[in-house]
Amino acid sequence: MMEDKKNPAGKEPVEKGPAGKAPMGQRPEIGKDTVKRLLSYVKRYKKLLVAVFFGIAVSALAGVLGSLFLGKLIDDYITPLIVAKDPDYGPLKKAIVIMACIYLTGALGAYMYNRLMVVVAQGVLKTIRDEMFAHMQKLPIRFFDTHTHGDIMSYYTNDIDALRQAIAQSIPQMINSLFTIVAVLLSMIYISIWLSLFVLVIVFVMLRITGMIAGKSGKYFFLQQKSIADVNGYIEEMINGQKVIKVFNHEEKAKEDFNKKNEELFSNASRANKYANILMPIMNNLGYFLYVLIAIVGGAMAINEVTNLSLTGLGVLTLGSIASFLQLSRSFIQPIGQISQQINMIVMALAGANRIFGLLDEKPEDDDGYVNLVNAKEVDGKIVPTDERTGLWAWKHPHSADNTVTYTRLTGEVVLNDVDFGYNENKIVLHNITIHAAPGTKVAFVGATGAGKTTITNLINRFYDIADGKIRYDGININKIKKADLRHSLGIVLQDTNLFTGTVMDNIRYGRLDATDEECIKAAKLANAHGFIKLLPDGYNTMISGNGGELSQGQRQLLSIARAAVADPPVMILDEATSSIDTRTEAIVAKGMDALMKGRTVFVIAHRLSTVKNSDVIMVLENGHIIERGNHEELIAKKGQYYKLYTGAFELE
2 MMEDKKNPAG KEPVEKGPAG KAPMGQRPEI GKDTVKRLLS YVKRYKKLLV
52 AVFFGIAVSA LAGVLGSLFL GKLIDDYITP LIVAKDPDYG PLKKAIVIMA
102 CIYLTGALGA YMYNRLMVVV AQGVLKTIRD EMFAHMQKLP IRFFDTHTHG
152 DIMSYYTNDI DALRQAIAQS IPQMINSLFT IVAVLLSMIY ISIWLSLFVL
202 VIVFVMLRIT GMIAGKSGKY FFLQQKSIAD VNGYIEEMIN GQKVIKVFNH
252 EEKAKEDFNK KNEELFSNAS RANKYANILM PIMNNLGYFL YVLIAIVGGA
302 MAINEVTNLS LTGLGVLTLG SIASFLQLSR SFIQPIGQIS QQINMIVMAL
352 AGANRIFGLL DEKPEDDDGY VNLVNAKEVD GKIVPTDERT GLWAWKHPHS
402 ADNTVTYTRL TGEVVLNDVD FGYNENKIVL HNITIHAAPG TKVAFVGATG
452 AGKTTITNLI NRFYDIADGK IRYDGININK IKKADLRHSL GIVLQDTNLF
502 TGTVMDNIRY GRLDATDEEC IKAAKLANAH GFIKLLPDGY NTMISGNGGE
552 LSQGQRQLLS IARAAVADPP VMILDEATSS IDTRTEAIVA KGMDALMKGR
602 TVFVIAHRLS TVKNSDVIMV LENGHIIERG NHEELIAKKG QYYKLYTGAF
652 ELE
């Protein structure tokens, strides 16, 4: 616990992967657990699966009955007509109609199971996507800081698509093939046991050959999925940084790096598919070879009147029996080839499933907090909870000892006491940070890039947990406060703005979903965004897309400030909030920002020192240490690092 001094409980070990990245939970091998876990999703559609199996059985049996009926058609209907002087084609027509009905029934069965499997597949994929996205919301910021967005997106695209193909196509086709193999084998034994044994010997040899080929491609399908994710991640980075690439003429280097990743994908994909793509041609040719052998052996048995052993007894092979057996042999070889082909698709799907389950197995963000944030009001000098929004907040403390609940007014006092922190447990980046932010005070952090300014605010948010020391919020250790409630009490305006697809009003309301239009407009006016919003084509109903690419950087920042304003939090964190706004606009926004910060505890990070002059206390950081603290006048009088930074800023101006 963070209550204890020098307790490393706040440290989270970082898994190391290629190029220093965490391995995304990817497992090197695909085990039985992956298959069982995937089947657990499919089993949720038991009723549909029963209908699917019925359709598969009907389709397989129809194919077998059609082949058996072919022998009867030749022996009982066609052969007699050949020698008859006055042939009657009526029975033959009826037999052809029966045969057509058999195949039509099989076609309907195939249509039914394929249609139902689409429903099952899409249902399974929807469930998996829902679970992935829901789990992703629970993952710590550390996860997203250490993995490319393109790699994460690959889970929702390539890996999910591989699962779709397997569930909707490969698995039902394999089941259909297994049904067909069993039914056809029994039918072949029914016609001729000797020829069936001959076929089984040849098929055994074929399976040994195809098994060796298929076994070589399995491991490369996993590498193929990983390479696709790497390529997607790189493309996503290049798209986001296209302006930088062009400014620095980095096109050739970008192409060179992409070619390396693409070459790796080509290598893994070609190895995976090289063996997979030759399976069907090999199986087809071996099937033709077997077809010829059966015709020769069967014909020789018929000509020499070799006694045929079948389930119906002893006899001689007829022309119809040989024709049926030849047809059945094709029906026997084809599904074996299909299984060999589909196995590779299933291996690729399992590789995708393995990656997906690796993501789902990523450890979610820990939250042992039990103190909640509630709306409150004061009645007879006591703080009591209320459902209405009063502007007064309180911390709800449940006491397990006597099952009582107490309420503490949220004042916004934040204290960091001797805090140490490192993103990696082997490298501490903050050392002995001690800060006392009294309610309603403005605390500023200044210093060079990498000094640790943003890291401190990340700790207050509990985006990361400290390695040592204490952080208290209104006297409460923040690890006792539920993270969602802690963050709900904090408003943040970041240097990098993030706008979402939707209207301007939607983006402002993102700060508080129950805010009315009037409250959103009031927040926009407070942030001085109302003026430019009214000039947009549809005002507050103007659609924003692509992170607000149609707006200027300053306008996007103003919207993010308005978004924080509508949340009306008791504590504000402004991380370079005005860095993207020109000095003229900054002066206009300053009044709105002052109004936004009034009565709140505010943490400000700024390189532009003119924005922090009126701070109650200024912390100067260097290499993770606070080297100076005081207000503007005190620090100027010391003529230390802050003085150098401040006077240097003036020289630059």
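Under my numbering, the residues of the sequence shown are numbered 2 to 654, in order. Even glycine gets a Cβ: it sits at the ideal position worked out from N, Cα and C.
SER60 is positioned such that its CB atom lies no closer than 8 angstroms to that of GLY91. According to DSSP, residue pairing for MET573 in a beta bridge involves GLY492, VAL603.
Scanning the segment 212-296 for uninterrupted alpha helix (DSSP H) segments of 4 residues or longer gives 219-241, 243-248, listed from N- to C-terminal end.
If you look at LEU622, you'll find it in the beta strand (DSSP E) that goes 618-623.
Secondary structure within the segment 128-189: the alpha helix (DSSP H) runs of 4 or more consecutive residues, fully enclosed, are 142-146, 150-155, 161-166 (chain order).
Per DSSP, the unbroken beta strand (DSSP E) holding SER311 starts and ends at 308-311. Here PHE70 carries a helix assignment [DSSP, helix/strand/coil]. Within 10 angstroms of the beta-carbon of GLN243 lie fewer than 16 other beta-carbons, which makes it exposed.
Between GLN226 and ALA352, the gap from beta carbon to beta carbon is short of 8 angstroms.
Partner residues in the beta bridge of ARG473, as assigned by DSSP, are VAL416, ASN478. In this structure ALA607 does not touch ALA563 by the C-beta definition: roughly 20 angstroms separates them, more than the 8 angstroms allowed. The secondary-structure analysis by DSSP pairs MET544 across a beta bridge with THR504. In terms of Cβ geometry, PHE70 and LEU196 do not form a close pair [threshold 8 angstroms]. The Cβ neighbour count for CYS102, taken over all protein chains shown within 10 Å, is under 16; the residue is labelled exposed. LEU537 is the residue among LEU537, LYS454, VAL494, PRO173 whose C-alpha sits nearest the C-alpha of VAL505. A straight line joining the alpha-carbon of ILE334 with that of PHE290 spans about 11 angstroms.
Residue state for GLU379 is assigned as strand, using DSSP reduced to three classes. Relative to the Cα of GLU366, the nearest Cα in the group ARG143, VAL618, GLY631, LYS73 belongs to ARG143. Counting along the chain, the unbroken alpha helix (DSSP H) around LYS37 starts and ends at 33-43. Taken through DSSP and simplified to helix, strand or coil, ASP421 comes out as strand. Taking a C-beta distance under 8 angstroms as the contact criterion, THR412 and ASP475 qualify as a contact pair. Beta-bridge annotation (DSSP): ASN373 is paired with LYS397.
DSSP places TYR408 in the uninterrupted beta strand (DSSP E) bounded by 405-410. Under DSSP, ALA350 takes part in no beta bridge, so it has no partner. Boundaries of the alpha helix (DSSP H) harbouring VAL567: 554-568, taken from the DSSP string.
For the pair VAL232 and LYS262, the CB atoms are nearer than the 8 angstroms cut-off. Within the same chain, and ignoring the five residues on either side of ALA350 in sequence, the residues whose Cβ sits closer than 6 angstroms to its Cβ are ALA163, LEU164, ALA167. With a cut-off of 8 angstroms on Cβ pairs, the segment 614-624 is in contact with the segment 447-464, counting three or more such pairs. For PHE533, the enclosing alpha helix (DSSP H) has its first and last residue at 531-535. By the neighbour-count definition (other C-beta atoms within 10 Å, threshold 16), ASP469 is a buried residue. By DSSP's assignment, VAL447 forms a beta bridge with VAL621. Look at LEU636 here: in three-state DSSP terms it is helix. Rounded to whole angstroms, the gap between the alpha carbons of VAL204 and LEU198 is 10 angstroms.
CA-to-CA, the gap between ILE472 and VAL415 works out to about 7 angstroms.
Secondary structure note for GLY649: its alpha helix (DSSP H) is the uninterrupted segment 642-653. The residue among HIS148, ASN418, ALA449, GLU426 with its C-alpha nearest the C-alpha of ILE436 is ASN418.
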